[in-house]
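Peer 1: Residue numbers (the working numbering): -2 to 513.
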Amino acid sequence: MAKTRQRWGTRLGVIMAVAGSAVGLGNFLRFPVQAASNGGGAFLIPYFISLLLLGIPLMWVEWTLGRYGGGYGHGTAPGIFHTMWQKNRFIKYFGVIGIFGPLVIFIYYTYIESWTLAYSFFAITGKYAGANTESAMSSFLAGFQGLERNGYFGSIAQAYIFFLITFAANIAVIYYGIKGGVEKLCNIAMPLLFICGIALVIRVLSLGSPDPARPSWSLSNGLAFMWNPDFRALASAKVWLAAAGQILFTLSVGIGVILTYASYLSKGDDVVLSGLSAVSMNEFAEVILGGCIVIPAAFVFFGPERIGSVASSGAFNLGFVTMPLIFQKIAMGAFFGCAWFLLLFLAGITSSVSLAQPAVAFLEDEFDITRPKAVTIFGIASFILCQPAIFFLGKGVVNELDFWGGTFCLVLFATIEVVLFAWIFGMNNAWEEIHRGADMRVPAVYKFIIKYVTPVFLLAILGSWFIQEGIPTIFMKNMPGSNRPFVFAARALLIGIFAVLAILVKIAWSRKRRVV
Ligand code: PFF
-2 MAKTRQRWGT
8 RLGVIMAVAG
18 SAVGLGNFLR
28 FPVQAASNGG
38 GAFLIPYFIS
48 LLLLGIPLMW
58 VEWTLGRYGG
68 GYGHGTAPGI
78 FHTMWQKNRF
88 IKYFGVIGIF
98 GPLVIFIYYT
108 YIESWTLAYS
118 FFAITGKYAG
128 ANTESAMSSF
138 LAGFQGLERN
148 GYFGSIAQAY
158 IFFLITFAAN
168 IAVIYYGIKG
178 GVEKLCNIAM
188 PLLFICGIAL
198 VIRVLSLGSP
208 DPARPSWSLS
218 NGLAFMWNPD
228 FRALASAKVW
238 LAAAGQILFT
248 LSVGIGVILT
258 YASYLSKGDD
268 VVLSGLSAVS
278 MNEFAEVILG
288 GCIVIPAAFV
298 FFGPERIGSV
308 ASSGAFNLGF
318 VTMPLIFQKI
328 AMGAFFGCAW
338 FLLLFLAGIT
348 SSVSLAQPAV
358 AFLEDEFDIT
368 RPKAVTIFGI
378 ASFILCQPAI
388 FFLGKGVVNE
398 LDFWGGTFCL
408 VLFATIEVVL
418 FAWIFGMNNA
428 WEEIHRGADM
438 RVPAVYKFII
448 KYVTPVFLLA
458 ILGSWFIQEG
468 IPTIFMKNMP
478 GSNRPFVFAA
488 RALLIGIFAV
498 LAILVKIAWS
508 RKRRVV
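Below, the structure is given as structure tokens:
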């Protein structure tokens, strides 16, 4: 017998929660690096095209499918896919990706999120204050991560304590449920996050040219570096792949979490305008806030010659090395440093709870167990799974998890769900379902886009990306030999996780058949 499912408290609450999932570390660290290294302002062209042809349609598809599945007591892809295509016995196993992907991202995302919590403490307590050069600050980070022992940290103990706090906070939010946990968190965290973000943008935009001896190291040149378009970049397939990948990652679509969040809607709740509102909040946070903080600030303090290498040194380096160095050079640096890391932490936790929710919902829905039980099982299993990401960080394990969970699964799952929606469920049914209770109509051209353009675009990405990046990654090209055993072990672990989830689906379905 279907038990009553949890429900969101308010409409604003669900929009905040979905926006909370979307606005994450990706907005403030991944986006600026991608844009600066893929054509600057010109990056926005493939980026916004991907938003219109992939991001927004997938957002609507996931909200609609989630609400539809929730009506049948299913909050995750195996059950939702099965309900849509009952004749197919295998489709539920494709749905496993919608639990597997979020779980894999959760494993490393939570650990990185815990660094941001740690660094907000370090900012106010002045712990990194002595590290004034890039190499000193890099050592500080490496010491913290347990990658080297140095004068700053003797072991990984501090990082581990912050991980425990972050992990416990995530579990507590999930434990209190959709309305009492996730919605409450997002209603507080999202406004606070926007306040921190806007304060930082104002601070950066008022930098001017701090060094009179070097007038070209100015804010306006920094903004120009970030945003002046280099249209030649548009000829490169790599730039288009980066833009499409960024859209999927930043909106949290194509992985299963929005399905789960939407499954807690009621049948007549609007999805069209709500989905679009969440997208708008994310784009404001990404393009306006994310685009005006790290790169322009780094330009002003590192200058035109160095900015290229700083921008391409990677998201972590920018966030945890470049930014703390800058905060030591500006007035009220401890305050703004704390605001920066708090911003990242709030962005992170509202995303990581969304990554945990599918696995918990799966246990609750398909095994009919209570939330405390489901959260306990999830807590123990995911805690164990996080350990390799913590202790083998330097061995390429996090990159490997990010590649399979955060890139490959996204594109694959997005393709499967949009094809199912438009072709198996059928575009006429789909159109009717999208508009149930809708506060605005989707422009008719989206009937065509969802049916043809989005799937073809995704298949093209899947194909060209597989050739460009998939093959070298699978064969571990460009990887130091000493990392290989660890990466092999990570792959074995991933296969193991997938197999366990698939077996759980099998067990759940055979139990149900017996009950019916
Ligand atoms: N959207 C998040 C970010 O931009 O950091 C990351 C993310 C969260 C991806 C949840 C996928 C997901 F399901």
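Virtual Cβ for every residue (Gly too), placed ideally from N, Cα, C. Please read these numbers as outputs of a predicted model, since none were measured by experiment.
#1: Where do the ends of the alpha helix (DSSP H) carrying Asp362 lie?
#2: Just to confirm, does Ile102 get its C-beta within under 8 Å of one of the non-hydrogen atoms of the ligand PFF?
#3: Relative to the C-alpha of Thr130, which residue among Ile500, Phe299, Gly95 is closest?
#4: Mind reading off the beta-carbon distance from Glu363 to Ala505? Whole number of angstroms is fine, and I expect it under 8 Å.
#5: Per DSSP, Pro369 is paired with what?
#6: Given Ala126, which residues of its chain have a CB within under 7 Å of its CB, disregarding the five upstream and five downstream residues?
#7: Extract the residue ranges of the alpha helix (DSSP H) inside the region 457 to 494, only unbroken runs of 4 or more that lie entirely within it.
#8: Please classify Leu498: is it buried, with 16 or more other beta-carbons within 10 angstroms of its beta-carbon, or exposed?
#9: For Gly17, decide whether its Cβ has a neighbour in chain D, counting only Cβ atoms nearer than 9 Å.
#10: Under 8 Å: does the beta carbon of Phe281 sit that close to some heavy atom of the ligand PFF?
#11: Quick one: what's got a C-beta closer than 7 Å to Ile304's C-beta in the same chain, skipping five residues either side?
#12: Quick one: what's got a C-beta closer than 7 Å to Arg511's C-beta in the same chain, skipping five residues either side?
#13: Rank Cys193, Gly288, Gly178, Leu197 by C-alpha distance to the C-alpha of Gln3 and give the top, closest one.
#14: In this structure, how does DSSP classify Pro207 when only helix, strand and coil are distinguished?
#15: Check this for me: beta carbons of Phe78 and Phe91, under 9 Å apart or not?
#16: Can you tell me the Cα-Cα spacing of Met(-2) and Ser507, whole angstroms?
#17: Any chance you could list the residues with Cβ under 6 Å from a heavy atom of the ligand PFF, keeping chain order?
#18: For a test of the three-state rule: what should DSSP assign to Gly37, helix, strand or coil?
#19: From the DSSP output, in three-state form, read off Met(-2) for me.
#20: Work out the CA separation of Lys176 and Tyr261 for me, nearest whole Å.
#21: Relative to the C-alpha of Ser47, which candidate in Ser18, Val236, Thr107 has its C-alpha closest?
#22: Touching or not, the region 270 to 287 and the region 240 to 250, by the rule of three or more beta carbon pairs under 8 Å?
#23: Is it the case that the Cβ atoms of Gly403 and Val101 are separated by a distance below 9 Å?
#24: Taking Lys181 as part of the alpha helix (DSSP H), name the residues at either end of that continuous run.
#25: Could you give the DSSP three-state label for Leu9: helix, strand or coil?
#26: Using C-beta distances below 6 Å, list every residue in its chain close to Val11, excluding the 5 sequence neighbours before and after it, in chain order.
#27: When burial is assigned at 16 or more other CB atoms within 10 Å of the CB, is Trp224 buried or exposed?
#28: Write down every uninterrupted run of the alpha helix (DSSP H) in the region 244 to 270 whose length is 4 residues or greater and which is fully enclosed by it, in chain order.
#29: Skipping 5 residues on each side, what residues in its chain have a beta carbon closer than 7 Å to that of Met437?
#30: Where do the ends of the alpha helix (DSSP H) carrying Ile104 lie?
#31: Should the region 446 to 453 be called in touch with the region 44 to 61, which here means at least 3 C-beta pairs below 8 Å?
#32: With DSSP as the reference, please indicate the residues paired to Pro226 in a beta bridge.
#33: Assuming Ala520 contacts Arg27 under a Cβ cut-off of 8 Å, what Cβ separation, rounded to an integer in Å, is found between them?
#34: Is Ile42 helix, strand or coil by DSSP?
#35: DSSP three-state call for Gly219: helix, strand or coil?
#36: Report back the beta-carbon spacing between Ala356 and Ala16 to the nearest angstrom; my notes put them in contact at under 8 Å.
Peer 2: Considering the structure as presented:
#1: First-last of the alpha helix (DSSP H) with Asp362: 330 to 364.
#2: Indeed, a heavy atom of the ligand PFF lies less than 8 Å from the Cβ.
#3: Phe299
#4: 4 Å
#5: DSSP lists no bridge partner for Pro369.
#6: Gln325
#7: Qualifying alpha helix (DSSP H) stretches, in chain order: 468 to 471.
#8: buried
#9: The chain labelled as chain D is not found in the depicted structure, where only one protein chain is given.
#10: no
#11: Phe222, Ala295, Phe296
#12: none
#13: Gly178
#14: Reduced to three states, the DSSP call for Pro207 is coil.
#15: yes
#16: The predicted position of Met(-2) is uncertain, since its pLDDT is 47 and thus under 50; no value can be drawn from it.
#17: Ser18, Ala19, Gly21, Leu22, Gly23, Asn24, Pro99, Ile102, Phe246, Thr247, Ser249, Ile252, Val254, Ser348, Ser351, Leu352
#18: strand
#19: Below a pLDDT of 50, predicted positions are generally treated as unreliable, and Met(-2), at 47, falls in that range; the measurement from the model is reported next regardless. Look at Met(-2) here: in three-state DSSP terms it is coil, with no helix or strand label.
#20: 10 Å
#21: Val236
#22: The region 270 to 287 vs the region 240 to 250: in contact.
#23: yes
#24: 181 to 202
#25: helix
#26: Trp5
#27: buried
#28: Segments of the alpha helix (DSSP H) lying fully in the region 244 to 270: 254 to 259.
#29: Val269, Leu270
#30: 94 to 122
#31: yes
#32: Gly37
#33: One cannot answer for residue 520 here, as it falls past the ends of the chain, which runs -2 to 513.
#34: helix
#35: helix
#36: That pair is no contact at about 22 Å.
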